[in-house]
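In my numbering, the protein residues as written are 232 to 726. The beta carbon of each residue, even a glycine, is placed where N, CA and C say it ideally should be. These numbers were taken from a predicted model, which means no experiment stands behind them. The next block holds one structure in the form of structure tokens; read it before the comments.
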Ligand code: SF4
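Okay, here's the thing in structure tokens:
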């Protein structure tokens, strides 16, 4: 593995200089103490000559245009386009990590690492008409200095910042985020300290404390819980999560129960049965939670926002596509006036389209299959003039559908998420100038950042993405025994 990305570094914040040349890092609750030359648990911070440094400043995976729903954020400007920014490293090592190829620094390859400055990020978002930067994927906690610098600059440019995280973060670090982060989408794994210890290798209480802190600071907060088959998908797990939120946050905070796919060290299992996710949702709603959704499940009933006063549909969703149909600009029900708890309602302007293409363009087609309903398209424009990418959905009939246009600057590289957005859609077409270089990547569920393109290799199933983790797999029964959780289901079916 080529790790040249670690060849340069810069001084890190939240440092404590100790005796004998050691330093302690106060970014995450691990509080790693490092001798000269050592790295912390996350492998992206370390001790160089007695000072704490960060190795991943400005280094991350390719920036990607997505939509805000990708981040389990349903109550902040539905349908908004976001610029997603992921880095490398993590303060956790979850056994099922769906981004292990980038979160576990030892597996990061230089081919997957891109370098950006704060100015370049903000400029790219503004130029493409994007209003929200999303700090996401592996985990933004370990990218602290770059997030802090860029989010402050973005705010000056009128952009919003969204922080999607497992939130194993110190209170000092949260204090440094509060001035510039508007939205926190927090992944709470389970209300179970033993689960955190065994499966994430971290601790639960600091995560809960940090979550309460941002809620009390009046930030927009949404919570998601990945329900892992036979590990954390029981009614009791759902009850504990809803109970903690009702006691410590509020019933208006959106809760997303998210379907898991087998990955990393936990491939010897199946996707979460959909009936268990539906049951979890019923449990949380019965307990008094007001906005409970399912993630990674194509189920409009569990994805739409419905008025709690009059049952009117306020936001219609299909997969990652959202359409505001019944909200006032203040986020209230247009019919009965009930507050639906939307922090902001913003309408994206219609994308530019054309009906006919020039004949010289090359068309690439991708069909949705199984659970694969999203695609990353990465395109580089090596020419010295602006070039456009055209894309459209396909319905399997001859009906002609307009092409949407995205324009790239000379030498620009851009990545965009295309997602199944309606019943009857069978795939996507992308049309490009022959000189543009492109890669298509299958997306396995919304939090996944694919690193293998379909041009180099295809996954055999729609269950676990490539590359497959080459190390030892954990037996699910052993994990359950250690956790003392529910016994495995007698009949486990992928829903
Ligand atoms: S961010 Fe956390 S894991 Fe990384 S060095 Fe600091 S304390 Fe250790």
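- Following the DSSP letters along the chain, one finds residue 377 in no beta strand (DSSP E) but inside the alpha helix (DSSP H) bounded by residues 375-387.
- CA-CA distance, residue 438 to residue 706, rounds to 27 Å.
- Runs of the alpha helix (DSSP H) lying entirely within the segment 250-281, each at least 4 residues long, are absent.
- Counting only heavy atoms of ligand 1, the residues whose C-beta sits closer than 6 Å to one of them are, along the chain, 256, 258, 259, 261, 262, 263, 271, 272, 273, 276, 322 and 373.
- Counting only unbroken stretches of 4 or more residues, the alpha helix (DSSP H) elements lying wholly within the segment 286-352 are 331-334, in sequence order.
- Contact annotation: residue 265 and residue 248 have beta-carbon atoms that are not nearer than 7 Å.
- Restricted to the segment 477-531, the beta strand (DSSP E) segments that are unbroken, complete and at least 3 residues in length are 486-490 and 523-526, listed in chain order.
- Counting only runs that start and end inside the segment 631-658, there is no alpha helix (DSSP H) element of at least 4 residues.
- Of all alpha-carbon atoms in 494, 481 and 479, the one lying nearest the alpha-carbon of residue 457 is that of 494.
- Between the segment 619-633 and the segment 673-692 there are fewer than three inter-stretch CB-CB distances shorter than 8 Å, so the stretches are not counted as touching.
- Within the same chain, and ignoring the five residues on either side of residue 269 in sequence, the residues whose Cβ sits closer than 8 Å to its Cβ are 277 and 278.
- Annotation for residue 592: no beta strand (DSSP E) segment contains it, and DSSP assigns it neither H nor E.
- If you look at residue 623, you'll find it in the beta strand (DSSP E) that goes 618-625.
- By the criterion of a C-beta distance shorter than 8 Å, residue 241 is surrounded in its chain by 284, 285, 288 and 376, once the five residues flanking it on both sides are discounted.
- Boundaries around residue 367 are those of the beta strand (DSSP E), 363-367, since no alpha helix (DSSP H) includes it.
- The closest CA to that of residue 406, considering only 693, 443 and 435, is found on 443.
- Going by C-alpha positions, residue 601 is about 30 Å away from residue 393.
- Here residue 326 is buried, its C-beta having at least 16 other C-beta atoms within 10 Å.
- Annotated three-state conformation of residue 238 is helix, per DSSP.
- If the five residues before and after residue 535 are omitted, its C-beta is found closer than 6 Å to the C-beta atoms of 544, 547 and 548, all from its own chain and listed in chain order.
- When DSSP states are grouped into helix, strand and coil, residue 711 belongs to the helix group.
- Going by beta carbons, residue 582 and residue 623 fall outside the 7 Å limit.
- Rounded to the nearest whole angstrom, the CA to CA distance from residue 263 to residue 273 is 9 Å.
- About 14 Å separates the Cβ atoms of residue 572 and residue 557, ruling out a contact at the 8 Å cut-off.
- Around the beta-carbon of residue 653, fewer than 16 other beta-carbon atoms lie within 10 Å, marking it exposed.
- According to the DSSP assignment, residue 436 belongs to the alpha helix (DSSP H) that extends over 436-447.
- Distance from the CA of residue 611 to the CA of residue 347, rounded to the nearest whole angstrom, comes to 16 Å.
- DSSP lists 366 and 415 as the beta-bridge partner residues of residue 394.
- Residue 420 places its beta carbon 7 Å or farther from that of residue 432.
- With three or more CB-CB distances shorter than 8 Å, the segment 516-536 counts as touching the segment 481-488.
- Leaving aside the five residues that flank residue 586 on each side, the residues in its chain whose CB is nearer than 8 Å to its CB run, in chain order, 631, 633 and 634.
- Taking residue 647 as the centre and dropping the five residues before and after it, the same chain places the C-beta of 296 and 608 closer than 6 Å to its C-beta, in chain order.
- Taking 7 Å as the cut-off, the Cβ atoms of residue 316 and residue 344 do not count as close.
- In this structure, residue 463 sits away from residue 303, with a CB-CB distance that is not shorter than 7 Å.
- In the assembly as shown, residue 451 is a buried residue. Its beta-carbon has 16 or more other beta-carbons within 10 Å.
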